[in-house]
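Enquirer:
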Amino acid sequence: MAPTENARVLDRWLHQNADHAVIVIGLDGRIQQWLGACERLFGYSAAQAVGQPGAVLFTEEDRQRGLPELELQEALHSPRSEDDRWHVRRDGSRVYVIGSAVAVRDEHGQPMGFVKMLLDRTDKRSYLEALENRLREQANTKAYKEVAVTTLAHELRNPLAPLSNAVQLIRLTPGAQNIELPLGIIERQLDALRRLVDDLSDAGRVSSHKMSLHREQTDLAALLRELASGMSSEFQGRQLTLTVLLPPTPILLELDRGRLQQAVMNLLSNALRYTPAGGQVWLKGTVEVDHAVIRVSDTGIGLAPETLPHIFELFTRAPSAESLAPSGMGIGLALVKQIAELHGGAVEVRSDGPGKGCEFSLRLPSHRHRLGPDRTT
1 MAPTENARVL
11 DRWLHQNADH
21 AVIVIGLDGR
31 IQQWLGACER
41 LFGYSAAQAV
51 GQPGAVLFTE
61 EDRQRGLPEL
71 ELQEALHSPR
81 SEDDRWHVRR
91 DGSRVYVIGS
101 AVAVRDEHGQ
111 PMGFVKMLLD
121 RTDKRSYLEA
131 LENRLREQAN
141 TKAYKEVAVT
151 TLAHELRNPL
161 APLSNAVQLI
171 RLTPGAQNIE
181 LPLGIIERQL
191 DALRRLVDDL
201 SDAGRVSSHK
211 MSLHREQTDL
221 AALLRELASG
231 MSSEFQGRQL
241 TLTVLLPPTP
251 ILLELDRGRL
261 QQAVMNLLSN
271 ALRYTPAGGQ
281 VWLKGTVEVD
291 HAVIRVSDTG
301 IGLAPETLPH
311 IFELFTRAPS
321 AESLAPSGMG
331 IGLALVKQIA
341 ELHGGAVEVR
351 SDGPGKGCEF
361 SLRLPSHRHR
371 LGPDRTT
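Using full-length UniProt numbering, the letters of the sequence shown map in sequence onto residues 1 to 377.
1. Looking at the secondary structure, which residues open and close the beta strand (DSSP E) in which Gln217 lies?
2. With a Cβ-Cβ cutoff of 8 Å, do Gly285 and Lys356 count as a contact?
3. Does the distance from the C-beta atom of Gly344 to that of Pro365 stay below 8 Å?
4. Give the DSSP bridge partners of residue 379, in chain order.
5. Tell me which residue opens and which closes the alpha helix (DSSP H) that Lys116 is part of.
6. Do you know offhand how far Asp202's Cα is from Ala161's?
7. What residue range is occupied by the uninterrupted alpha helix (DSSP H) comprising Lys337?
8. State the CB to CB distance for the pair Leu41 and Val95, rounded to an integer number of angstroms; the pair is presumed to be in contact (CB under 8 Å).
9. Using 8 Å as the threshold, is the C-beta distance between residue 426 and Ala37 below it?
10. Out of Ser164, Ile98, Pro276 and Ala101, which one is the CA nearest neighbour of Arg238?
11. Bridge partners for Gly26 per DSSP, in chain order?
12. Cutting at 7 Å between CB atoms, please list the residues of its own chain near Glu187, excluding the five before and the five after it.
13. How big is the Cα-Cα spacing for Ala75 and Tyr44?
14. In chain order, what residues of the same chain lie with their CB nearer than 6 Å to the CB of Ala304, ignoring the 5 residues before and after it?
15. Gln261 and Leu223: beta carbons closer than 8 Å?
16. Is it true that the segment 109-124 meets the segment 21-30, where meeting means three or more beta-carbon pairs spaced less than 8 Å apart?
17. Could you pull the start and end residues of the beta strand (DSSP E) that Glu61 belongs to?
18. Can you check DSSP and say which residues form a bridge with Lys284?
19. Please classify residue 417: does DSSP put it in a helix, a strand, or coil?
20. Roughly how many angstroms separate the alpha carbons of Leu57 and Phe360, rounded to a whole number?
Rendered as structure tokens:
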């Protein structure tokens, strides 16, 4: 192809690819041609750029590292040298470009110079860097929360035993029956604090994946019936109706009784906390194909669609929850998720929206079970 034909092909290519900058660099590293989008990309006119060292386009830190020279050396000994990095415009601002440099050789294979083709990707790179920074900040915040929660659990647990012992000692003193009411209040608050500390400790295990199971054969139906009975007074105190639907025959599973009890209590406590007075809560246990399913549903405040994908994440709380339970920490549902997954199961939530209640379904693999018809207890 004749030189004039080469020039015409190049002009046509540059016209069709107007976003590309093409720089021809001599063996001495100086700019020889300044084509395409070069002026728009870097702010130099052709007259200002030609004759300058190509290194003028590199950042100060890259120049100190010798990258302009290394790039050309790599182009000499490799098919191309990748050039994806921040560069500097004439006004000192930075532009992120992607592209490559290739060595141009004569008919004898001797190098004549270099051609660099570059494309502006500043907007995309800036977006990615901002996203990386946000993710890094979130990771740092999450790590800080995990350390803080573990420390808090340790510090809160220390005074629990002395306080409980003090209550028992007071009960042994003459006339203690006269202060039975306040002593009962203190004991209930200590129990609540103890449960909170247990949740905080388990939150640390969730984040570090250190929670373990101790399986034993358990009658799931009996376990659910026992839990509902133990919490019935709490539901009555909140003027809520708790309906329990369970088969009359056992549902036998190999599971960690204590952990599953914790998971179901968290689901019931969630319904108790976020269902206004006069509402209803249902606890149902069934076997569906090869899974035992525990469902807890309510007529409570419900969840917005955008909250549903994140509700099982540690420290996540629905904005609508603040009005009914401002002191929650967003730990309970994360524990439910991990306990379900450790059993080889899963937990999911369904809600038609704010004010329309929720239904949580906890599924556990069921290889050994006997099932009878549902009944209400």
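Where a beta carbon is used, it is the ideal one built from N, C-alpha and C, also for glycine. No experiment lies behind these values; they were computed from the predicted model shown.
Expert: By the coordinates alone:
1. It spans Glu216 to Asp219 - the beta strand (DSSP E) in which Gln217 sits, taken as one unbroken run.
2. Cβ distance not < 8 Å, so Gly285 and Lys356 don't count as in contact.
3. Yes; because the gap between Cβ atoms is below 8 Å, this pair is in contact.
4. Any answer about residue 379 is impossible in this case: the structure gives the chain only from 1 up to 377.
5. It is not in any alpha helix (DSSP H) - Lys116 instead sits in the beta strand (DSSP E) that spans Pro111 to Asp120.
6. Rounded to the nearest whole angstrom, the CA to CA distance from Asp202 to Ala161 is 19 Å.
7. Per DSSP, Lys337 is one residue of the alpha helix (DSSP H) stretching across Gly332 to Leu342.
8. Right, the Cβ-Cβ distance comes to about 6 Å (below 8 Å), so this counts as a contact.
9. A question about residue 426 goes unanswered here, because the residues of the chain that appear run from 1 up to 377.
10. Of the candidates Ser164, Ile98, Pro276 and Ala101, the one whose C-alpha sits nearest the C-alpha of Arg238 is Pro276.
11. According to DSSP, which records beta bridges pairwise, Gly26 is partnered with Gly113.
12. Within the same chain, Glu187 has close Cβ partners Val167.
13. C-alpha separation (whole angstroms): 24 Å.
14. Its chain contains Pro354 as the residues whose beta carbon lies nearer than 6 Å to that of Ala304, once the 5 sequence neighbours on both sides are disregarded; these appear in chain order.
15. In this structure, Gln261 sits near Leu223, with a CB-CB distance shorter than 8 Å.
16. Touching, yes, given that three or more Cβ pairs across the two stretches are closer than 8 Å.
17. Per DSSP, Glu61 belongs to no beta strand (DSSP E); it is in the alpha helix (DSSP H), Glu60 to Gln64.
18. The partner list for Lys284 (beta bridge, DSSP) reads Leu245 and Arg295.
19. What is shown of the chain runs 1 to 377, which leaves residue 417 out entirely.
20. Distance between the alpha carbons of Leu57 and Phe360: 59 Å.
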